[in-house]
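A.B. asks: Attaching a single structure in structure tokens format; questions to follow.
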Amino acid sequence: MALVASLGVEGHPASPTVPSMVDWLADTRASYDTVAQSYADQLRDALAERPYLRGALVTFAGLVGAGPVADIGCGPGHVTGHLHSLGVPVRGIDLSPAMVEIARENHPGIRFDVGSMTDLRIDGGLAGVLAWWSLIHVPDDEVPGVLSGFRRVLRDGGVVMVGFHTGDSVHLKTAGYGGHPMKVNVHHRPPERVKDWLTAAGFAVEAELLMEPGQAVVFARRAEACPASRSTVARSVEAVSQEPPTQPTLGRAR
Ligand SMILES: C[S@@+](CC[C@H](N)C(=O)[O-])C[C@H]1O[C@@H](n2cnc3c(N)ncnc32)[C@H](O)[C@@H]1O
């Protein structure tokens, strides 16, 4: 498989002007293609042993109501399938074609597409975005853009739920899920940093769940106005108020 193929969600092919995949995306994709089957085998029943994560999914299902929802970085679709079983209209998107193939096989009633959270090609109007342990592979300087993309595809009041490793480090994972070769950066982040990024991207953080050892889930809601657009308005108002007062032109009809 060519690692530098340009990305496109199926049904929305990448335009010829889209540049080739950058190295970290290509490496992440190749890594998860390599481990897809063993990851699926090892994680198939993971939720059964994680009551707090199941609880978070029940809360999320209540918040998003009739959906629709996208599970972004869905892997083999076990969490997507769980949400579906809770009655949530959900689709999955993942960078790795091998993961998507397994997800489709395991959950034939759910739509899964290949795509990257760095270039989301889905229509807006979602009630929810789920990104569990997938943002962990995105470099810090790309996270604000990814979160803006989440905001764009959500409707006002829509909910994003992010799951991640806590800490403050990044390490290169070179093998995993049964010793298969991988080349992927794994970021551990302080919840405060993730919450600050969400706020800056136009979300109101509403809740967080901290789990030992070193895991967190944060819930945030798309705010009506993005701080960036508010500050643009504020800057314009400030600029106008600082302009020298114009002299009234007397005696001229307006
Ligand atoms: C650790 S797995 C998590 C899978 C699933 N969300 C879960 O909770 O088990 C990380 C997943 O994120 C996907 N991923 C990594 N970078 C991505 C990106 N830029 N866009 C979409 N998916 C991505 C990987 O292919 C992989 O399936």
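For the record, in the sequence shown the residue sitting at position 218 is 218 according to our numbering, with numbers rising by one throughout. The C-beta atom is built at its ideal place from N, Cα and C for all residues, glycine as well.
1. Measuring only the C-alpha atoms, how far is L25 from Y32?
2. What three-state label does DSSP hand A220 in the structure shown?
3. Nearest CA to the CA of T118: which residue from R104, G145, R152 and A216?
4. I'd like to check one pair, V153 with L126: are the Cβ atoms closer than 7 Å?
5. Given this structure, state the Cα-to-Cα distance separating V186 from F164, to the nearest angstrom.
6. Report whether the distance from the Cβ of T28 to the nearest heavy atom of ligand 1 is below 6 Å.
7. List the residues that DSSP assigns as beta-bridge partners of M161.
8. In this structure, does DSSP put L57 in helix, strand or coil?
9. Mind checking L147: buried by the 16 CB within 10 Å criterion, or exposed?
10. Does the separation of the CB atoms of V205 and A220 fall below 7 Å?
11. Does A88 come out as helix, strand or coil in the three-state DSSP assignment?
12. Name the residue from M211, T199 and V138 whose alpha carbon lies nearest to the alpha carbon of A56.
13. Going by C-alpha distance, which of Y177, P213, H188 and D156 is nearest G203?
14. So what does DSSP say about L63, is it helix, strand or coil?
15. How far does the beta strand (DSSP E) with V69 in it extend, from its first residue to its last?
16. Rounding to the nearest angstrom, what Cα-Cα distance links V214 and P108 in this structure?
17. Short check: CB of L83 to CB of R29, under 7 Å?
18. Thinking C-beta only, is V129 closer than 7 Å to A48?
19. Quick one: using the 10 Å Cβ neighbour count with 16 as the cut-off for buried, is R121 buried or exposed?
20. Drop a sphere of 10 angstroms on the beta-carbon of L172, count the other beta-carbons inside from all chains shown, and report buried for 16 or more, exposed for fewer.
21. Per DSSP, H180 is paired with what?
C.D. replies: So, from the listed chains and residues:
1. 11 Å
2. strand
3. G145
4. yes
5. 10 Å
6. yes
7. L130 and F219
8. helix
9. buried
10. yes
11. In the sequence as displayed, the identity of residue 88 is Val instead of Ala. Of the three classes helix, strand and coil, the one that applies to V88 here is coil, per DSSP.
12. M211
13. The amino acid occupying residue 203 in the given sequence is Phe; Gly does not appear at that position. Closest option to F203, Cα to Cα, is D156.
14. helix
15. V69 to I72
16. Note on identity: in this sequence residue 214 is Gly, with Val being the wrong assignment. One C-alpha to the other measures close to 33 Å.
17. no
18. no
19. buried
20. exposed
21. G176
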